[in-house]
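Asks: Letter by letter, the sequence shown follows residues 1 to 242 in full-length UniProt numbering.
A virtual CB, placed ideally from N, CA and C, is assigned to each residue, including glycine.
Only a predicted model underlies this, so the values are computations on that prediction, with no experimental measurement involved.
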Amino acid sequence: MENRSWKIGEIAKRTGLTIRSLHHYDQIGLFSPSRVTESGHRLYTDADVTRLHQIISLKQLGFALEEVKVMINNPDYNLTDMLKMQLSRLNEQISILVELRVRLHDIFELLDSGQSVSSERFMMAMQMMRIIQSPHFKPGQAEEIKNLFKSLGENELEKSFAEGKRLIAEFRKYKNMGKLPDDPEVASLAERWKQEVDSFAPADAEFIQSAEQYYSENPEDAVQHGIDGELYEYIKKAVSFI
Numbered sequence: 001m002e003n004r005s006w007k008i009g010e011i012a013k014r015t016g017l018t019i020r021s022l023h024h025y026d027q028i029g030l031f032s033p034s035r036v037t038e039s040g041h042r043l044y045t046d047a048d049v050t051r052l053h054q055i056i057s058l059k060q061l062g063f064a065l066e067e068v069k070v071m072i073n074n075p076d077y078n079l080t081d082m083l084k085m086q087l088s089r090l091n092e093q094i095s096i097l098v099e100l101r102v103r104l105h106d107i108f109e110l111l112d113s114g115q116s117v118s119s120e121r122f123m124m125a126m127q128m129m130r131i132i133q134s135p136h137f138k139p140g141q142a143e144e145i146k147n148l149f150k151s152l153g154e155n156e157l158e159k160s161f162a163e164g165k166r167l168i169a170e171f172r173k174y175k176n177m178g179k180l181p182d183d184p185e186v187a188s189l190a191e192r193w194k195q196e197v198d199s200f201a202p203a204d205a206e207f208i209q210s211a212e213q214y215y216s217e218n219p220e221d222a223v224q225h226g227i228d229g230e231l232y233e234y235i236k237k238a239v240s241f242i
């Protein structure tokens with residue numbers, strides 16, 4: 001007795017796949033119908049359905065379609081090595097997700113103050129978490145930064161952030177004008193800068209060293225605030241003269 005034949009729409013309903021996916025599988029040589037009628041209609045057999053379920057099972061284990069194709073088409077393929085590689089991938093993904101969960105939980109704690117949370121505060125909270133989780137900061141330093149951030153209200157944070165942007169813009173203006181870091185106007189600006197930094201972070205020598213190490217490895221965080229390497233050196237020299 002001839003096996004039952006299935007049209008592509010029936011296969012799609014039976015497996016939960018889309019017709020588009022089945023066409024794609026056919027195009028890449030992964031899964032094609034075994035029968036073609038005289039009128040040109042392509043039909044799938046029970047054996048095809050069994051093969052498709054094997055493909056779906058391997059995909060659910062996280063294998064890429066090209067990997068599934070190799071495994072399906074070559075019964076002598078070393079399945080142990082493939083499973084070992086997939087387990088390694090999954091362990092790496094789990095580690096990333098665990099780290100993400102910890103970071104999200106810590107950000108939630110930072111923001112869970114009962115007040116509205118602006119996108120600016122949220123973005124700064126994420127940067128704070130990257131900083132305090134950095135190996136460059138000692139646990140005591142990281143905890144102090146975290147507590148200072150939590151103690152700042154929404155308005156205080158926005159005011160501090162806006163003032164920081166103004167100071168950075170002024171430093172850049174003086175630098176572009178060719179003023180030296182020990183110029184009286186630059187020195188006055190450096191004093192305002194130091195007061196602002198001291199109000200937000202424990203700016204002792206040890207902390208500054210940790211921060212420099214962090215930003216040297218994460219320059220994109222500094223660039224977000226408008227500070228590139230040359231401008232930072234300019235500000236650093238200006239502060240050293242006050």
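Does the beta-carbon distance from R14 to T45 come in below 9 angstroms?
Replies: Not a contact, by the Cβ cut-off of 9 angstroms.
Asks: According to DSSP, what are the bridge partners of Y44?
Replies: W6, per the DSSP bridge assignment.
Asks: Starting from N78, trace the alpha helix (DSSP H) in both directions and tell me its first and last residue.
Replies: Counting along the chain, N78 falls outside any alpha helix (DSSP H), and DSSP gives it neither H nor E.
Asks: Decide if V186 is buried, meaning its Cβ has at least 16 other Cβ atoms within 10 Å, or exposed.
Replies: Buried, by the Cβ-count rule.
Asks: With DSSP collapsed to three states, give me the class of M1.
Replies: Its pLDDT being 40, under 50, M1 is placed unreliably by the model, and the measurement read from it follows with that caveat. Residue state, collapsed to three classes: coil.
Asks: Taking the straight line between their C-alpha atoms, what separation do you get for L61 and L87?
Replies: If I take the Cα positions, the gap works out to 10 angstroms.
Asks: Would you mind sorting S210 into buried or exposed? The rule is 16 or more other CB atoms within 10 Å of its CB.
Replies: It is buried - the Cβ of S210 has at least 16 other Cβ atoms within 10 Å.
Asks: By Cβ distance below 6 angstroms, which residues in the same chain neighbour V36 in space, the five residues on each side in sequence not counted?
Replies: R42, listed in sequence order.
Asks: Going along the chain, which residues of its own chain have a beta-carbon closer than 6 angstroms to the beta-carbon of F171, five neighbours each way excluded?
Replies: The residues are I235.
Asks: Is S57 close to chain C? Criterion is C-beta to C-beta, closer than 9 angstroms.
Replies: Protein chains in the displayed structure number just one, and chain C is not present.
Asks: Taking the DSSP output, what are the residues bridged to V36?
Replies: DSSP output for V36 lists R42 as bridge partner(s).
Asks: Between which residues of its own chain and D26 is the CB-CB distance below 7 angstroms, once the five residues before and five after are set aside?
Replies: Around D26: S32.
Asks: Can you tell me whether T50 is helix, strand or coil according to DSSP?
Replies: Reduced to three states, the DSSP call for T50 is helix.
Asks: How is K165 classed by DSSP in three states: helix, strand or coil?
Replies: K165 falls in the helix class under three-state DSSP.
Asks: Cα separation between I145 and R130?
Replies: Going by the C-alpha atoms only, they are around 12 angstroms apart.
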